[in-house]
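**Student:** Numbering-wise (my numbering), the sequence shown opens with residue 318 and increments by one.
Backbone N, C-alpha and C fix where the C-beta goes; we use that ideal spot for every residue, glycine too.
Handing you this structure, nothing more for now.
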Amino acid sequence: MSDLTTLDIHGSVAVIRTDSPPVNALAAPVRAGLLRALQRAEADPAVQAIVLTCAGRTFHAGADIHELASGPVSPTLQDVLLSLEGTRKIVVAALHGTTLGGGLELALTADYRIAADASTVGLPEVLLGLIPGAGGTQRLPRAAGVAVAVDLITSGRQMSALDAQQAGIIDRVVPSDQLTAAAIDWAQALVAHGAPRRRLSDDSVPGSMTDNLATLDAVARQQVKPWSRLDAPQAACRALHAAITQPFAEGVATERAEFLGLLKGSQSRALRHLFFAERAVAKSRWISASAVGREWRTLGIVGAGTMGSGIALSCLNAGLSVHLVENHAQALERGLSTIRGHYESRVATGKLSAEAAAARLTCLTTTTDLASLADCDLVIEAIYENMEAKLELFRQLDALCKPDAILASNTSYLNIDAMAAVTTRPSQVLGLHFFSPAHVNRLLEIIRTEHVSESTLASAMAWSKRIKKLGVVVGNAHGFVGNRMLAPRQREADKLILEGALPWEVDRVLEAFGLPMGPFRMRDLAGMDIGWNPATTASATVRERLCEIGRLGQKTKAGYYDYDDQRRATPSNVAQEVVLRFSAEHGYVRRAVSETEILERCLYPMINEGARLLAEGIAERASDIDMVWTTGYGWPTWTGGPMHWAETVGWATIVERLEVYAALYGAEFTPCDALRQWAAPASQPGV
Ligand code: 3H9
């Protein structure tokens, strides 16, 4: 037997057990081991049933995603499944952990399935830009019906063992610690009772073809959003259509063709890149494997504005105690009513029970007394962006908080080292940069200050998981990673509308690229008046002029766009007038700006900035930048994030175009040294 797969005989039952940490992925050696074990069990006349099981944390969690890059390797999963289908023995799959992708396809090829009560199953291939490629789109609808199959396959979501039992995917659910014994007992009982082999490939999809096609259409319409540019959900629907309309073998061939097409495509490559990028983010070189963090249980937040309330919600939702502090009772009340309003609407829409909402609110205390933060493990300041005010607050917090408390700033741009420097505990000061809306957006930049301790960073990383955020450790630089890359895009967008494009033309190009919102719609949403001061305004930019005439964005139903009561945007004649006048006053001779120029001038300087961030060590890996942008800013996942996308465009192409723009429009386009180096063959960053 292979080292990874063992075969043990228990009476008439052969137990085939795979042990290939971490997740028993169905890599080539595992497949080879399974195949050999199945052949041995088949050849042994004493064996009448086979139990498939895995050691460690889970039954097979799917194909080996690393291996997918190289295309099918022999023996394939299909070879294993054919051998399983061909055996004369009864096969019971015993599932625990997360039985996913090829793992569930293997289990669906067995005759019977038993699962541990705490386990889940799913076909998450769509999240990797793929569809199940080993019969999953054909066997799942045969086991569970079309509605469940379309839902699971097009969403990629996992289903609990109990729900899967109800859906017909699993036959029995048992306590986790009894799984193997129960599977062996059951296999023996099946043999004793002369139970038949039960192959889903012999069945057809339950229900009439007309009804099934209608269900496929209805569920697909709900799940597969027309605006989505992802290919995989559509391909899944075509494979499911084949399951309904074609015999099993033809359906499998249709599925296979769709799977292989997607596997070769750029979307799956990009999404597989992001899968590993997300796991890499958790391993910062600033946090050694032996670093011991501390659990932050009680949390103080200073500032109950939009960010402070959003951070509070994230923490309350994770079951943490929050003390929310504001200077003035009125501001505190506003924050509290934002939080209450959020829970009321969750309850009203049935997303949360009234009891759960009440329980979360009991973990919140609000006060105007900063001293109430004395015993908090972590205090986050989320006050307005003013360095003097923040320095004063850090001095006060340092004086009153317990010695081992951590002090954090949620600033978007300011220097956190300066804040650490006014405290007596610089090793316990860091940045925790949330993104608006803080209770929804999953990104958290963890800003590594100069003297921060490894233990503080390790605690922050663990805490980010606890509050269900993606923590990315980044260096302390103006705008950190995300906003620093946003700045050149906004700069170019602002210039383009003076040179000849209109705000909605710029937005349209970037939205067609896949960003959820162009820069001007984003500004309207965020509020045009962020950082604008009516006392010092000087009509120096289009934005200032719009603010001066009360066009503050969506909240005043007027910004670059006009907004109706449903917040639908239409291009504004008033804003257009302001743009044209400003442009004329500043001597621009307006010209037609092509879509290509808009795209390149907005995106290539971002890539240049990304390269600088890497060269300066502010970002650890190119793939971290991809995670920041896909998670925090809605950069289209199917392009793999800005740096992965740049690699597909070609570093040399980007350098060349930046040089053209530098010659035409100025030095801010000049490619940085790092980018120039990558443009040379054999010195690329490995995105
Ligand atoms: C498929 O099955 C195609 C078939 O239909 C057709 C074939 C013909 N492969 O996430 P974690 C690694 S497509 C390789 O931190 P968790 C992961 O990189 C596949 N490696 O743990 C990490 O490594 P490291 C369909 C994998 O407990 C380590 O395991 N299946 C795979 O939070 C721990 O992972 C999927 O899409 C894999 N399949 O979550 C399932 N899976 O420590 C993808 C994990 O070096 N996996 N690794 O960074 C997951 O969703 C989660 O990893 C899982 C565990 C829920 C299993």
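Answer with buried or exposed for Glu612, where buried requires no fewer than 16 other C-beta atoms within 10 angstroms of its C-beta.
**Tutor:** Against the sequence shown, residue 612 aligns to sequence position 295. Exposed, since its Cβ has fewer than 16 Cβ neighbours within 10 Å.
**Student:** Does the stretch 664-675 come into contact with the stretch 636-653, if we say contact requires no fewer than three beta-carbon pairs (one atom in each stretch) closer than 8 angstroms?
**Tutor:** At 8 angstroms Cβ cutoff, the stretches do not touch.
**Student:** Any heavy atom of the ligand 3H9 inside 7 angstroms of the beta-carbon of Ala378?
**Tutor:** Sequence index remark: in the sequence shown, residue 378 carries index 61 (1-based). Yes; taking the cut-off as 7 angstroms, the Cβ of Ala378 has a heavy atom of the ligand 3H9 nearer than that.
**Student:** Identify every residue that forms a DSSP beta bridge with Met476.
**Tutor:** Numbered from 1 along the sequence shown, position 159 holds the residue referred to as residue 476. Answer by DSSP bridge pairing, in chain order: Val438.
**Student:** Is DSSP giving Phe751 helix, strand or coil here?
**Tutor:** Along the sequence shown, read from residue 1 onward, the residue named residue 751 stands at position 434. The answer is strand: DSSP assigns Phe751 an E or B state.
**Student:** Can you find a heavy atom of the ligand 3H9 that lies under 7 angstroms from the Cβ of Thr415?
**Tutor:** One-based indexing of the sequence shown puts residue 415 at position 98. At least one heavy atom of the ligand 3H9 is nearer than 7 angstroms to the Cβ of Thr415, so yes.
**Student:** Roughly how many whole angstroms lie between the Cα atoms of Glu865 and Ile700?
**Tutor:** In the sequence shown, residue 865 corresponds to position 548, counting from 1. In the sequence shown, residue 700 corresponds to position 383, counting from 1. Looking at the two C-alpha atoms, the distance is approximately 25 angstroms.
**Student:** In terms of residues, what are the limits of the beta strand (DSSP E) holding Gly788?
**Tutor:** In the sequence shown, the residue the question calls residue 788 occupies position 471. Taken as a continuous stretch (DSSP letters only), the beta strand (DSSP E) holding Gly788 covers Leu787 to Gly792.
**Student:** Of the residues Gly831, Met736 and Leu616, which one's Cα is nearest the Cα of Arg546?
**Tutor:** Here residue 546 refers to the residue found at position 229 of the sequence shown. Nearest of Gly831, Met736 and Leu616 to Arg546, Cα basis: Gly831.
**Student:** Indicate whether Thr948 and Arg759 have their beta-carbon atoms separated by less than 8 angstroms.
**Tutor:** Position 631 of the sequence shown, counting from 1, holds the residue named residue 948. Position 442 of the sequence shown, counting from 1, holds the residue named residue 759. Yes, the pair counts as a contact, with Cβ atoms nearer than the cut-off.
**Student:** Quick one: Cα of Met736 to Cα of Ser744, how far?
**Tutor:** Counted from its first residue, the sequence shown places residue 736 at position 419. Counted from its first residue, the sequence shown places residue 744 at position 427. About 12 angstroms.
**Student:** By how many angstroms is the C-alpha of Arg596 removed from the C-alpha of Leu352?
**Tutor:** Within the sequence shown, residue 352 is the residue found at index 35, counting from 1. Within the sequence shown, residue 596 is the residue found at index 279, counting from 1. Taking the straight line from one Cα to the other gives about 30 angstroms.
**Student:** Just verifying my parser: in three-state terms, what is the DSSP assignment at His961?
**Tutor:** Counting from 1 along the sequence shown, the entry for residue 961 is found at position 644. His961: helix per DSSP, three-state reduction.
**Student:** With a CB to CB cut of under 8 angstroms and the five nearest residues on each side skipped, what residues in its chain are close to Asp325?
**Tutor:** The residue labelled residue 325 in the question sits at position 8 within the sequence shown. Ala331, Val332 and Arg334.
**Student:** Quick check on the DSSP output: the beta strand (DSSP E) that includes Ile618 runs from which residue to which?
**Tutor:** Mapped onto the sequence shown, residue 618 falls at position 301. Looking at the DSSP string, the run of the beta strand (DSSP E) that includes Ile618 is Thr615 to Val619.
**Student:** Can you tell me whether Gln495 is buried or exposed? The criterion is at least 16 other CB atoms within 10 Å of its CB, across all chains shown.
**Tutor:** Residue mapping note: residue 495 aligns to position 178 of the sequence shown, counting from 1. Exposed.
**Student:** Can Thr375 be considered in contact with the ligand 3H9, in the sense that its beta carbon sits closer than 7 angstroms to one or more heavy atoms?
**Tutor:** Reading the sequence shown from its first residue, position 58 is the one you call residue 375. Because some heavy atom of the ligand 3H9 lies under 7 angstroms away, the Cβ of Thr375 counts as near it: yes.
**Student:** Indicate, with yes or no, if the ligand 3H9 has a heavy atom lying under 7 angstroms from the CB of Leu1009.
**Tutor:** Outside the shown range of the chain (318 to 1004) lies residue 1009, about which nothing can therefore be said.
**Student:** Alpha carbon to alpha carbon, how far is Leu774 from Trp603?
**Tutor:** Residue mapping note: residue 774 aligns to position 457 of the sequence shown, counting from 1. Residue mapping note: residue 603 aligns to position 286 of the sequence shown, counting from 1. Their Cα atoms are separated by approximately 8 angstroms.
**Student:** At what residues does the alpha helix (DSSP H) containing Asp686 begin and finish?
**Tutor:** Taking the sequence shown and counting its residues from 1, one reaches residue 686 at position 369. Per DSSP, Asp686 belongs to no alpha helix (DSSP H) and is neither H nor E.
**Student:** Identify, in the order they occur along the chain, each residue of the same chain with its Cβ nearer than 8 angstroms to the Cβ of Arg825, setting aside the five sequence neighbours on each side.
**Tutor:** Within the sequence shown, numbered from 1, the residue matching residue 825 stands at position 508. Only Gly835 meet the Cβ criterion.
**Student:** Considering only C-alpha positions, which residue in the set Gly446, Thr415 and Thr404 is nearest to Ala427?
**Tutor:** For this step, residue 427 is matched to residue 110 along the sequence shown. Cα-wise, what sits closest to Ala427 is Thr404.
**Student:** For the stretch 909-981, list the beta strand (DSSP E) runs that are entirely contained and at least 3 residues long, ordered along the chain.
**Tutor:** Taking only runs of at least 3 residues, no beta strand (DSSP E) segment lies wholly in the stretch 909-981.
**Student:** Quick one: what does DSSP say Ala484 is sitting in, helix, strand or coil?
**Tutor:** Position 167 of the sequence shown holds residue 484. Looking at Ala484 - three-state DSSP - the assignment turns out to be helix.
**Student:** Using the Cα positions of Thr623 and Ser477, report the straight-line distance between them to the nearest angstrom.
**Tutor:** For the purposes of this step, residue 623 is identified with residue 306 of the sequence shown, where counting begins at 1. For the purposes of this step, residue 477 is identified with residue 160 of the sequence shown, where counting begins at 1. Rounded to the nearest angstrom, the two C-alpha atoms are 36 angstroms apart.
**Student:** Starting from Thr1006 and walking both ways along the beta strand (DSSP E), at which residues does that stretch end?
**Tutor:** No information on residue 1006 is available, as it lies outside the stretch 318 to 1004 that the chain covers here.
**Student:** Specify, as a first and last residue, the run of the beta strand (DSSP E) that Ala358 falls within.
**Tutor:** Mapped onto the sequence shown, residue 358 falls at position 41. Run containing Ala358: none in the beta strand (DSSP E); it sits in the alpha helix (DSSP H), Ala345 to Ala360.
**Student:** What residue range does the beta strand (DSSP E) around Pro888 cover?
**Tutor:** Taking the first residue of the sequence shown as position 1, residue 888 is located at position 571. Here the beta strand (DSSP E) through Pro888 covers Ala886 to Pro888.
**Student:** Starting from Arg489, trace the alpha helix (DSSP H) both ways and give me its first and last residue.
**Tutor:** Numbered from its first residue, the sequence shown carries residue 489 at position 172. Premise fails: Arg489 lies in the beta strand (DSSP E), Arg489 to Val491, not in any alpha helix (DSSP H).
**Student:** Where does Asp520 fall in DSSP's three states?
**Tutor:** Counted from its first residue, the sequence shown places residue 520 at position 203. Of the three classes helix, strand and coil, the one that applies to Asp520 here is coil, per DSSP.
**Student:** Roughly how many angstroms separate the alpha carbons of Thr965 and Gly788, rounded to a whole number?
**Tutor:** To locate residue 965, count along the sequence shown from 1; it is residue 648. To locate residue 788, count along the sequence shown from 1; it is residue 471. Those two C-alpha atoms are separated by around 26 angstroms.
**Student:** Using a Cβ-based criterion (distance less than 7 angstroms to any ligand heavy atom), does Asp381 qualify as near the ligand 3H9?
**Tutor:** Counted from its first residue, the sequence shown places residue 381 at position 64. True, at least one ligand heavy atom lies under 7 angstroms from that Cβ.
**Student:** Output needed for Ala725: all residues of its chain with C-beta closer than 6 angstroms, excluding positions within five of it in sequence on either side, in chain order.
**Tutor:** Sequence index remark: in the sequence shown, residue 725 carries index 408 (1-based). Counting only Cβ-Cβ distances below 6 angstroms, and skipping sequence neighbours, we find Ile697, Leu747 and Leu749.
**Student:** For Cys371, write down the residues that DSSP places opposite it in a beta bridge.
**Tutor:** As a position in the sequence shown, residue 371 is number 54, starting the count at 1. Its beta-bridge partners are Thr335.
**Student:** In this structure, does DSSP put Ile604 in helix, strand or coil?
**Tutor:** Against the sequence shown, residue 604 aligns to sequence position 287. The answer is coil: DSSP assigns Ile604 none of H, G, I, E or B.
**Student:** Please work out which residues of its chain come closer than 7 angstroms, Cβ to Cβ, to Ala411, disregarding the five sequence neighbours upstream and downstream, and give them in chain order.
**Tutor:** To locate residue 411, count along the sequence shown from 1; it is residue 94. Val368, Leu369, Thr370, Ile431, Leu496, Thr497 and Ala500.
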